Amino acid sequence: MTERFFLDTNVLVYTFDSTALRKQKVARELVATALKDREGIVSYQVAQEFLNVALRKFSPPMSSLEAQSYLRRVLMPLCEVFPDSSLYSDALSIASKTGWTFYDSLILASAATGRCRTLFSEDLQSGRTIHGVEVQNPFL
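Residue numbers 0 to 139, in numbering that gives the first Met the number 0, belong to the letters of the sequence shown in order.
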């Protein structure tokens, strides 16, 4: 990949999902590419959501030490978008335009703020382009 891309939380979660092996493989490839090529990013929101899911919903839940390690090795090296009033304003505009929830709109606003051309997400409308960011479901 030669263009910046943004990873939604579900991509990171699938890297640990042994019940969905095809999705796990795709997700692991995306995360590996993001880390290796430094073209893939996440936001503070993705880091927070991932840690919440990993610590509460994984079976078994990730331990605090495992979460600290993942934070250090994966989340923080990828995390480039942090909150400010402009980001929240953009998210509100996107939510108004699309009808998406505020949090989904914040993901897209973060991708745009990070100058990404693609947002990889299973949860949003694949193929739609908003603010110059194309949503793609990598698991289709």
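Note that the Cβ used here is the ideal one computed from N, Cα and C, for glycine as well. Predicted model only: the values in this text are computed from it and were never measured.
* Ends of the alpha helix (DSSP H) at leucine 34? -> Mapped onto the sequence shown, residue 34 falls at position 35. Here the alpha helix (DSSP H) through leucine 34 covers 20 to 36.
* Where does the unbroken alpha helix (DSSP H) through valine 10 begin, and where does it stop? -> Sequence index remark: in the sequence shown, residue 10 carries index 11 (1-based). Following the DSSP letters along the chain, one finds valine 10 inside the alpha helix (DSSP H) bounded by residues 8 to 13.
* **Continuous beta strand (DSSP E) stretch holding glutamate 79: start and end** => Walking along the sequence shown from the start, residue 79 turns up at place 80. That run of the beta strand (DSSP E) goes 78 to 80.
* To do: Tell me whether methionine 75 is buried or exposed, calling it buried when 16 or more other Cβ atoms sit within 10 Å of its Cβ.
  => Looking up residue 75 in the sequence shown gives position 76. By the neighbour-count definition (other C-beta atoms within 10 Å, threshold 16), methionine 75 is an exposed residue.
* Asked: What number of angstroms, rounded off, separates the C-alpha of alanine 94 from the C-alpha of serine 104?
  -> Walking along the sequence shown from the start, residue 94 turns up at place 95. Walking along the sequence shown from the start, residue 104 turns up at place 105. Cα to Cα, alanine 94 sits roughly 5 Å from serine 104.
* Inter-residue spacing [alpha-carbon to alpha-carbon] between alanine 66 and lysine 56 -> Your numbering for residue 66 matches position 67 in the sequence shown. Your numbering for residue 56 matches position 57 in the sequence shown. Using only the alpha carbons, I get a separation of about 13 Å.
* Asked: Is the stretch 117 to 126 touching the stretch 41 to 61, taking contact as three or more C-beta pairs under 8 Å?
  -> Too few Cβ pairs lie closer than 8 Å, so no.
* To do: Please confirm whether proline 137 and leucine 29 have their CB atoms less than 8 Å apart.
  => Numbered from 1 along the sequence shown, position 138 holds the residue referred to as residue 137. Numbered from 1 along the sequence shown, position 30 holds the residue referred to as residue 29. In this structure, the beta-carbon distance from proline 137 to leucine 29 falls below 8 Å.
* Would a C-beta distance cut-off of 8 Å place threonine 112 and leucine 86 closer than the cut-off? -> Working through the sequence shown from its first residue, we reach residue 112 at position 113. Working through the sequence shown from its first residue, we reach residue 86 at position 87. A contact, by the Cβ cut-off of 8 Å.
* Using alpha carbons as the reference points, say which of Gln124, Lys22, Met61 and Glu79 lies closest to arginine 37. => Reading the sequence shown from its first residue, position 38 is the one you call residue 37. The option with the nearest alpha carbon to arginine 37 is Glu79.
* Do threonine 8 and glutamate 48 have their C-beta atoms closer together than 8 Å? -> Residue mapping note: residue 8 aligns to position 9 of the sequence shown, counting from 1. Residue mapping note: residue 48 aligns to position 49 of the sequence shown, counting from 1. Going by C-beta atoms, threonine 8 is nearer than 8 Å to glutamate 48.
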